[in-house]
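In the numbering used here, the protein residues as written are 1 to 209.
A virtual CB, placed ideally from N, CA and C, is assigned to each residue, including glycine.
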Ligand code: FES
């Protein structure tokens with residue numbers, strides 16, 4: 001190993017949080033899911049991304065400091081390391097409360113040419129919130145996003161795992177009404193779907209190994 005790679009004393013690195021300092025929230029089922037995923041990775045560090053998806057579901061869609069600390073505790077990493085991973089990826093909700101339904105409006109080139117900003121302003125006015133803001137009742141968050149890779153359907157809006165496009169004001173009205181009357185949180189549902197897909201993928205790998 002080169003000298004460069006040996007810089008720093010491993011014993012002085014930040015330690016994982018301790019259970020007694022945390023208000024742990026993972027359900028028994030979530031712990032079992034994480035244990036199952038951990039067993040498929042060469043080390044627990046590699047399991048941070050799946051662990052964060054479980055946490056995003058268990059913490060009602062948002063990776064709060066407490067959620068990040070719980071992932072760090074369960075994977076024996078420092079909270080700073082887990083936070084560094086979580087804040088790198090835009091699909092993890094670390095900065096803004098996503099509400100029950102995160103309305104993601106693509107304003108990239110194709111959507112921009114097809115009135116995406118007009119639609120964004122329409123949603124903004126209808127909900128009374130700006131970009132990356134959440135309605136007072138915690139129902140909706142609005143976020144401008146980069147290309148959703150569905151340019152042939154521009155302008156495109158994503159809610160949870162569903163794409164809608166091409167959308168217009170009437171469709172937006174109908175969509176918001178449908179979401180308002182829905183019992184489920186599309187944010188939490190999508191996190192759970194991703195966890196389930198990862199579990200199935202790891203199961204398949206186990207069968208093929
Ligand atoms: S530019 Fe909007 S989906 Fe590609």
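Per-residue burial, residue 137 [other beta carbons within 10 Å of its own, 16 or more giving buried]: For this step, residue 137 is matched to residue 137 along the chain shown. Per the 10 Å Cβ criterion, exposed.
Boundaries (first-last residue) of the beta strand (DSSP E) holding residue 140: If you number the chain shown from 1, residue 140 lands on position 140. Start and end: 140 to 145.
Through-space distance from residue 203 to residue 40, alpha-carbon basis: For the purposes of this step, residue 40 is taken as residue 40 along the chain shown, with counting starting at 1. For the purposes of this step, residue 203 is taken as residue 203 along the chain shown, with counting starting at 1. Spanning the two alpha carbons is a distance of roughly 9 Å.
Span separating the alpha-carbon of residue 165 from that of residue 189: The count along the chain shown starts at 1 and reaches residue 165 at position 165. The count along the chain shown starts at 1 and reaches residue 189 at position 189. Each residue's alpha carbon lies about 21 Å from the other.
C-alpha gap between residue 167 and residue 17, whole angstroms: As a first step, residue 167 must be located in the chain shown, where it is residue number 167. As a first step, residue 17 must be located in the chain shown, where it is residue number 17. So the alpha carbons of these two residues sit roughly 46 Å apart.
Secondary structure of residue 103, DSSP reduced to three states: Within the chain shown, residue 103 is the residue found at index 103, counting from 1. Strand.
Cα-Cα separation, residue 53 to residue 148: On the chain shown, residue 53 is found 53 positions in, with the first residue counted as 1. On the chain shown, residue 148 is found 148 positions in, with the first residue counted as 1. Approximately 20 Å, taken between the alpha carbons.
Straight-line Cα distance separating residue 62 from residue 97: Counting from 1 along the chain shown, the entry for residue 97 is found at position 97. Counting from 1 along the chain shown, the entry for residue 62 is found at position 62. If I take the Cα positions, the gap works out to 6 Å.
Contacting residues, own chain, Cβ-Cβ under 6 Å from residue 14 (five flanking each side not counted): Residue mapping note: residue 14 aligns to position 14 of the chain shown, counting from 1. The answer, listed in chain order, is 78 and 80.
Neighbour-count burial assignment, residue 24, 16 or more Cβ in a 10 Å radius: In the chain shown, residue 24 corresponds to position 24, counting from 1. Exposed is the call here.
Residue(s) in a DSSP beta bridge with residue 159: In the chain shown, residue 159 corresponds to position 159, counting from 1. Residue 159 pairs with 103 and 162.
Residue from 140, 102, 112 and 186 whose Cα sits closest to the Cα of residue 154: Position 154 of the chain shown, counted from the first residue, corresponds to residue 154. It is 112 whose Cα lies nearest to the Cα of residue 154.
Secondary structure, beta strand (DSSP E): runs of 3+ residues fully inside the stretch 38 to 120: 101 to 106
Same chain, Cβ closer than 6 Å to residue 67, five either side skipped, listed in chain order: Position 67 of the chain shown, counted from the first residue, corresponds to residue 67. Within the same chain, residue 67 has close Cβ partners 55 and 59.
Inter-residue spacing [alpha-carbon to alpha-carbon] between residue 47 and residue 75: Taking the chain shown and counting its residues from 1, the one referred to as residue 47 is at position 47. Taking the chain shown and counting its residues from 1, the one referred to as residue 75 is at position 75. The alpha-carbon atoms of residue 47 and residue 75 are separated by roughly 8 Å.
Cα-Cα separation, residue 140 to residue 12: The residue labelled residue 140 in the question sits at position 140 within the chain shown. The residue labelled residue 12 in the question sits at position 12 within the chain shown. Distance between the alpha carbons of residue 140 and residue 12: 43 Å.
Contacting residues, own chain, Cβ-Cβ under 6 Å from residue 134 (five flanking each side not counted): Taking the first residue of the chain shown as position 1, residue 134 is located at position 134. The answer, listed in chain order, is 97, 99 and 141.
Burial state of residue 186 (16 or more Cβ within 10 Å): As a working mapping, residue 186 is identified with position 186 in the chain shown. Buried: at least 16 other Cβ atoms inside 10 Å.
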